[in-house]
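Start counting the sequence shown at 30; every next residue gets the next number (our numbering). All remarks here apply to the structure that follows.
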Amino acid sequence: MAGGRGKAAQAKRGSTAEASQPELVSGGDRDLLVLEVVGGPCCPSTIAVTANSSRVGRLKTCQIPLKEDSVSEKHACVSWDAIDRSWRVVDLGSSNGTSLNGIHLPEGRERPLSDGDELRFGPATIVRVHIRPSPPCKFTMRDVLRQQQQWRLCRLEEEAATKEQQMRQDVATLKARLA
30 MAGGRGKAAQ AKRGSTAEAS QPELVSGGDR DLLVLEVVGG PCCPSTIAVT
80 ANSSRVGRLK TCQIPLKEDS VSEKHACVSW DAIDRSWRVV DLGSSNGTSL
130 NGIHLPEGRE RPLSDGDELR FGPATIVRVH IRPSPPCKFT MRDVLRQQQQ
180 WRLCRLEEEA ATKEQQMRQD VATLKARLA
């Protein structure tokens, strides 16, 4: 009977080989996005998008600056959608429009991006989209849990030391009152 429960537990967890494989923790909260300018006055250039939301435009304040006359000051925006786990693009009301794989994007309508997509900002600037999954970090779930336990232990030790110090002060105060 005990053997049956062991087999049932093993079936729930998966095979022994699967259970012994360390579960790697995801490396980042989003996929890596790189925009490669392949046509237009800004060509060639490559931009690694590091923020969850980045404006494309002519202004210096844009995270993805494209110094080209047909690109609006605030032309478009690329952003990470954490719910769908995808990169998206939206035209911000640009003068010369934004297209994705040759299809014009209506102002304010987000569209998902895929690896290999071609974006056009205005008539001249062509950008190739490169999306790579976030690499797993080299920590296993066991490492993460061990680290969390160590942090909890440190907090408990700090709390105990603080309480001990407070008690010593209280005893000293009481002794001074009784003297």
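For every residue, glycine included, the Cβ atom is placed at its ideal position computed from N, Cα and C. Quick caveat: nothing in here was measured; it's all calculated off a predicted structure.
Reduced DSSP category for residue i - H, G, I as helix; E, B as strand; rest coil
{"i": "Q198", "result": "helix"}
{"i": "A205", "result": "helix"}
{"i": "A37", "result": "In this prediction, A37 scores a pLDDT of 41, lower than 50, which makes its location untrustworthy; the coordinate-derived value is nonetheless stated afterwards. A37: helix per DSSP, three-state reduction."}
C-alpha distance - residue i paired with residue j, whole-angstrom precision
{"i": "P94", "j": "D120", "result": "15 Å"}
{"i": "A40", "j": "L174", "result": "Residue placement at A40 cannot be trusted, given a pLDDT of 40 that sits under 50; what the coordinates show is reported in the next sentence. Straight-line Cα distance between these residues: approximately 24 Å."}
{"i": "K96", "j": "I112", "result": "33 Å"}
{"i": "E147", "j": "L88", "result": "22 Å"}
{"i": "T154", "j": "N130", "result": "13 Å"}
{"i": "S124", "j": "H133", "result": "13 Å"}
{"i": "S82", "j": "L203", "result": "59 Å"}
{"i": "V152", "j": "S99", "result": "The identity of residue 152 in the sequence shown is Pro, whereas the question assumes Val. If you take the alpha carbons of P152 and S99, they lie about 7 Å apart."}
{"i": "A208", "j": "D199", "result": "14 Å"}
{"i": "G56", "j": "A80", "result": "Annotation note: pLDDT 46 at G56 (below 50); position unreliable, no value reported."}
{"i": "G69", "j": "K103", "result": "18 Å"}
{"i": "C71", "j": "G126", "result": "17 Å"}
Contact check, residue i vs residue j, beta carbons under 8 Å
{"i": "L29", "j": "I76", "result": "A question about residue 29 goes unanswered here, because the residues of the chain that appear run from 30 up to 208."}
{"i": "C106", "j": "V78", "result": "no"}
{"i": "R157", "j": "S128", "result": "no"}
{"i": "R59", "j": "W109", "result": "yes"}
{"i": "E136", "j": "G145", "result": "no"}
{"i": "L142", "j": "I160", "result": "yes"}
Ignoring anything shorter than 3 residues or poking outside the region 80 to 168, list the beta strand (DSSP E) runs there in chain order.
82 to 86, 105 to 110, 115 to 120, 127 to 129, 147 to 150 and 154 to 161
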